[in-house]
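S.K.: Sending over a structure as structure tokens; questions will come in a sec.
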Amino acid sequence: MSSSTPLSVQFTAEADDPLVLAPERATALLAGAPWRRFAVLGDSIAAGTGDPSPGYAPTGWADRVAAHLTSVNPALAYRNTGRIGATSEQVIDRQLADILEFAPDLVHLSCGGNDLFTAGVDIDRLHENLTTILTALAATDAQLSIFTVADVWSVERMAPMRPMRPQMIALNEVVRAVAAEFDAVLTEFWDHPLRNRPELMSADLIHFTTSGHAVVASEMVTSLAALIDRE
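Counting in our numbering, the final residue of the sequence shown is number 650, and the numbers go up one at a time with none missing.
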């Protein structure tokens with residue numbers, strides 16, 4: 420994938436998007452993947468919320484990654500408990516036990532953004548909650564995965580949402596810290612080239628469109644491919 424393509428280009432289909440892996444390329448990258456049980460938990464990002472993009476499959480990033488993994492391991496089991504609006508506390512209370520019962524060997528956590536918009540937000544408490552979740556998941560010996568949010572606020576249409584930027588910087592700092600603490604694979608989106616695409620965000624200016632989900636899935640495949648022992 421190349422980041423040199425002008426970001427103002429409007430791609431008519433995901434097959435033309437240089438930041439989206441072709442299915443056969445994703446399958447090749449994941450060849451030899453050891454995972455048989457893939458789980459995702461968290462908030463609307465985990466759930467794959469977002470407006471449809473013309474020319475792109477109406478599929479969230481996690482479902483895309485699951486499909487790519489299934490192309491390598493047809494017997495893959497997949498569970499996604501992501502819920503719109505979920506805070507880290509709610510992930511602990513309402514999702515964690517389900518995921519632990521599922522017993523994944525690959526699990527992605529995506530939450531924290533909603534915590535930052537509740538009254539009396541406490542970054543230290545958010546860090547504690549993510550640590551609680553990842554401690555429980557790490558005890559299963561699953562490969563852990565997490566990613567940062569992208570710095571989308573430079574695009575003109577995102578001006579109304581720019582007050583969110585400091586909170587998202589704080590969230591990313593916590594995400595990077597827990598990724599290092601738990602040796603989770605970290606996929607970085609903060610300065611990813613997709614952040615400046617004018618068509619990236621849904622009408623709510625909070626969630627990626629499905630074109631963004633396609634890019635996220637491709638980056639996730641790339642991150643996971645780097646973990647595969649091909650010897």
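Just so it is clear, CB atoms sit at the ideal spot from N, CA and C, and this is done for glycine as well.
1) Taking Leu528 as part of the beta strand (DSSP E), name the residues at either end of that continuous run.
2) Please classify Asn548: does DSSP put it in a helix, a strand, or coil?
3) Let me know if Ser427 comes out buried or exposed under the rule of 16 or more other beta-carbons within 10 Å of its beta-carbon.
4) Looking only at its own chain, which residues have a Cβ that is under 7 angstroms from the Cβ of Val634, when we skip the five neighbours before and after it?
5) I need the boundaries of the beta strand (DSSP E) containing Ala496, first residue and last residue.
6) Taking C-beta to C-beta, are Asp470 and Thr628 nearer than 7 angstroms?
7) In three-state terms, what does DSSP make of Glu638?
8) Distance, Cα to Cα, Ser529 vs Thr606?
9) DSSP three-state label for Phe608, please.
10) Could you tell me which uninterrupted alpha helix (DSSP H) segments, each at least 4 residues in length, are contained entirely in the stretch 432-503, listed from first to last along the chain?
11) Would you mind reading off the limits of the alpha helix (DSSP H) that contains Leu519?
12) Determine the extent of the beta strand (DSSP E) in which Phe566 is found, giving its start and end residues.
13) CB Leu545 to CB Val593, shorter than 7 angstroms?
14) Less than 7 angstroms between the C-beta atoms of Leu549 and Val597, yes or no?
15) Can you have a look at Glu398 and say buried or exposed, based on whether 16 or more other CB atoms are within 10 angstroms of its CB?
16) Assign Glu650 to buried or exposed, taking buried as 16 or more other Cβ atoms, counted over all protein chains shown, within 10 Å of its Cβ.
17) Can you list, in chain order, the residues of its chain whose CB lies under 6 angstroms from that of His611, leaving out five sequence neighbours each side?
18) Is His632 near Thr468, with beta carbons less than 7 angstroms apart?
19) Between the stretch 579-586 and the stretch 515-531, are three or more C-beta pairs nearer than 8 angstroms?
M.R.: Walking through what the data contain:
1) 525-529
2) helix
3) Unreliable positioning characterises Ser427 in this predicted model, as indicated by a pLDDT of 41, which lies under 50. The coordinate reading is nonetheless provided below. So Ser427 ends up on the exposed side.
4) Leu438, Val439, Leu613, listed in sequence order.
5) 496-499
6) yes
7) helix
8) 12 angstroms
9) coil
10) 442-448, 463-466, 480-491
11) 515-521
12) 562-566
13) yes
14) yes
15) With the chain represented from 420 up to 650, any question about residue 398 goes unanswered, as that position is not in the structure.
16) Annotation note: pLDDT 48 at Glu650 (below 50); position unreliable, coordinate value reported separately. The residue in question, Glu650, is exposed, as its Cβ has fewer than 16 Cβ neighbours within 10 Å.
17) Ala569
18) no
19) no
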